[in-house]
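The block underneath contains the structure these notes are about, expressed in structure tokens.
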Amino acid sequence: MHPETGTQKRADLRHPKQPRRFTRRQFLKLGSAAVAAGVVLSSTSLVLANEVGELSIERIELPIRGLPPAFEGFTIVHLTDIHLLPYTRPAFIREVAATANALNPDLILLTGDYVWHDVRAMDELAPIMATLNARAGVFGVLGNHDYWLDVEAVREGFRQARVPLLVNQHLVLARGRQHLVLVGLDDGWAGHPDLVTALDGAPANAPILLMLHEPDLADVYAAQANFALQMAGHSHGGQVRIPGKGPLVLPYLGSKYDMGLYRVGDMWLYTNRGLGEIAVPLRINCPPELTLFTLIRA
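Numbering (the numbering used here), first residue to last: 13 to 310.
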């Protein structure tokens with residue numbers, strides 16, 4: 013686990029202040045250059061260690077303060093950053109979906125970036141998403157690449173799959189008279205996250221699970237509501253991690269909390285390494301990930 017970090021001061025809930033944005037072209041150019049440099053420096057060892065398509069299941073037991081007794085042992089499969097085509101193949105994502113279903117979770121949550129290079133990938137991804145099955149449902153949020161390519165095509169793919177997208181919305185998970193709240197915020201880089209709208213009408217005092225694509229926005233939102241856990245992706249863990257040096261490149265809003273479990277104030281934050289790749293089809297010391305959370309009472 014990474015060390016605890018503090019939260020920053022309160023920010024506007026509708027439109028948090030953001031640093032200067034990199035363009036999509038600048039980000040991809042930076043990623044390609046950095047990863048290519050690493051390959052040139054250590055080509056033989058890196059090629060031998062390429063972990064593309066080698067799914068890792070990370071099982072994490074999370075103590076949640078105020079978790080209702082009825083939700084003790086509640087399980088969540090977290091998937092993110094599929095980036096289907098040209099590098100991430102449909103056959104691999106079908107295997108991931110089958111693995112997720114075999115875990116028999118209560119929830120399956122998808123935290124953005126379903127496409128990268130070709131929006132027609134949604135035509136192949138939609139029927140795969142339609143096979144996902146969880147007792148309390150399957151839900152998603154949008155990521156920056158979904159906006160940059162064609163967000164309406166991504167939305168249509170979700171409609172075809174009959175998987176709800178939560179965009180500044182919440183839903184209440186009920187077991188008897190006990191509740192958990194699931195919140196989905198719009199993408200924090202390319203969209204318009206609005207926490208006020210998302211929480212409108214949500215029950216008071218219930219623990220809240222947050223889906224938000226960019227992990228570094230945890231500093232903005234951790235203290236703004238009764239958030240128990242934020243699930244994020246975006247960083248890919250860097251895709252290439254050099255022992256003793258860490259990731260070669262990380263994106264805007266994905267560099268502070270780049271991989272794994274963190275404590276941000278009173279909120280857990282988990283940054284999933286993602287399933288797909290962009291820039292180059294390469295993963296070193298950073299395999300694609302399916303996360304299985306089990307919630308327990310703190």
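Where a beta carbon is used, it is the ideal one built from N, C-alpha and C, also for glycine. Owing to the predicted nature of the structure, the values given are computational and were not obtained by experimental measurement.
Which of the three DSSP states, helix, strand or coil, is assigned to P81?
Here residue 81 is taken as the residue at index 69 of the sequence shown, counted from 1. If DSSP states are grouped into helix, strand and coil, P81 belongs with the helices.
Length of the line joining the Cα atoms of L74 and E84
Along the sequence shown, read from residue 1 onward, the residue named residue 74 stands at position 62. Along the sequence shown, read from residue 1 onward, the residue named residue 84 stands at position 72. Going by the C-alpha atoms only, they are around 10 Å apart.
Any idea if D383 is buried or exposed, counting beta-carbon neighbours within 10 angstroms, 16 or more meaning buried?
Absent from the structure is residue 383, since the part of the chain shown begins at 13 and ends at 310.
Can the beta-carbon of L224 be found less than 8 Å from the beta-carbon of V153?
Reading the sequence shown from its first residue, position 212 is the one you call residue 224. Reading the sequence shown from its first residue, position 141 is the one you call residue 153. Cβ distance < 8 Å, so L224 and V153 count as in contact.
Report the rounded CA-to-CA distance for M141 versus I120, giving the unit in angstroms.
Position 129 of the sequence shown, counting from 1, holds the residue named residue 141. Position 108 of the sequence shown, counting from 1, holds the residue named residue 120. For M141 and I120, the distance between alpha carbons rounds to 10 Å.
Straight-line CA distance for D212 to P80?
Residue 212 sits at position 200 when you count from the first residue of the sequence shown. Residue 80 sits at position 68 when you count from the first residue of the sequence shown. Near 21 Å, if we compare the C-alpha coordinates of P80 and D212.
In angstroms with no decimal places, state the Cα-to-Cα distance between E301 and R187.
Translated into positions along the sequence shown, residue 301 becomes position 289. Translated into positions along the sequence shown, residue 187 becomes position 175. Each residue's alpha carbon lies about 29 Å from the other.
Is there contact between the region 113-131 and the region 150-169, where contact requires at least three CB pairs shorter than 8 Å?
yes
Beta strand (DSSP E) runs contained entirely in the region 246-294, provided each spans 3 or more residues
272-276, 279-283
Going by DSSP, which residues form a beta bridge with Q236?
Walking along the sequence shown from the start, residue 236 turns up at place 224. Note: Q236 sits in no beta bridge, so no partner.
Going by DSSP, what residues sit across from Q172 in a beta bridge?
Numbered from 1 along the sequence shown, position 160 holds the residue referred to as residue 172. Looking at the DSSP assignment, Q172 forms no beta bridge with any residue, so it has no partner.
Let me check one thing: in DSSP terms, what residues is T87 bridge-paired to?
Numbered from its first residue, the sequence shown carries residue 87 at position 75. For T87, which the question treats as bridged, DSSP gives the partners T306.
With DSSP as the reference, label E70 as helix, strand or coil.
Here residue 70 is taken as the residue at index 58 of the sequence shown, counted from 1. In this structure, E70 counts as strand in the three-state DSSP scheme.
Mind checking whether D206 and N156 have CB atoms under 8 Å apart?
In the sequence shown, counting from the first residue as 1, residue 206 sits at position 194. In the sequence shown, counting from the first residue as 1, residue 156 sits at position 144. Result no, Cβ atoms of D206 and N156 do not sit closer than 8 Å.
Residue interval of the alpha helix (DSSP H) (run including V208)
Taking the first residue of the sequence shown as position 1, residue 208 is located at position 196. Per DSSP, V208 belongs to the alpha helix (DSSP H) from 207-211.
Could you check if V208 is buried or exposed, using at least 16 other CB atoms within 10 Å of its CB as the buried criterion?
In the sequence shown, the residue the question calls residue 208 occupies position 196. Result: exposed.
Taking the straight line between their C-alpha atoms, what separation do you get for G65 and R189?
As a first step, residue 65 must be located in the sequence shown, where it is residue number 53. As a first step, residue 189 must be located in the sequence shown, where it is residue number 177. The straight-line gap from Cα to Cα measures roughly 42 Å.
Report the option in L197, A235, F239 whose CA atom is closest to the CA atom of E226.
The residue labelled residue 226 in the question sits at position 214 within the sequence shown. When only C-alpha atoms are compared, the closest one is L197.
In whole angstroms, give me the CA-to-CA distance for L115 and F86.
Here residue 115 refers to the residue found at position 103 when the sequence shown is read from its first residue. Here residue 86 refers to the residue found at position 74 when the sequence shown is read from its first residue. Each residue's alpha carbon lies about 12 Å from the other.
Out of V252, G266, K268, V108, state which residue places its alpha-carbon closest to the alpha-carbon of T143.
Numbered from its first residue, the sequence shown carries residue 143 at position 131. Closest option to T143, Cα to Cα, is V108.
Would you call S68 buried or exposed, if buried means 16 or more other Cβ atoms sit within 10 Å of its Cβ?
Mapped onto the sequence shown, residue 68 falls at position 56. The residue is exposed, with fewer than 16 neighbouring Cβ atoms inside 10 Å.
Spatial neighbours of F305 within its chain, please: C-beta separation below 7 Å, excluding the five flanking residues on both sides.
Within the sequence shown, the letter at position 293 stands for residue 305. The residues are I72, L74, T87, I88, H90.
Whole-Å CB distance - G258 paired with N284, under 8 Å assumed
Residue numbering aside, residue 258 sits at position 246 when the sequence shown is read from its first letter. Residue numbering aside, residue 284 sits at position 272 when the sequence shown is read from its first letter. At roughly 17 Å, the Cβ-Cβ gap does not stay under 8 Å, so G258 and N284 are not in contact.
Residues near Y99 by beta carbon distance below 6 Å, same chain, minus five either side
Locating residue 99 in the sequence shown gives position 87, counting from the first residue. Excluding positions up to five away in sequence, the list reads E289, P293.
How is the beta strand (DSSP E) around V153 delimited, first residue to last?
To locate residue 153, count along the sequence shown from 1; it is residue 141. V153 -> beta strand (DSSP E) spans 150-153.
Contact set for R309: own chain, Cβ-Cβ below 8 Å, skip 5 residues either direction
Stepping through the sequence shown from its first residue, residue 309 is reached at position 297. Counting only Cβ-Cβ distances below 8 Å, and skipping sequence neighbours, we find P75, I76, L79, P81, E84.
Bridge partners - P75, DSSP secondary structure assignment:
Position 63 of the sequence shown, counting from 1, holds the residue named residue 75. Checking the DSSP bridge columns, you'll see P75 partnered with I308.
Among G250, A165, A214, the one whose alpha carbon lies nearest that of H182
Your numbering for residue 182 matches position 170 in the sequence shown. Selected option, being the one with the closest Cα: A214.
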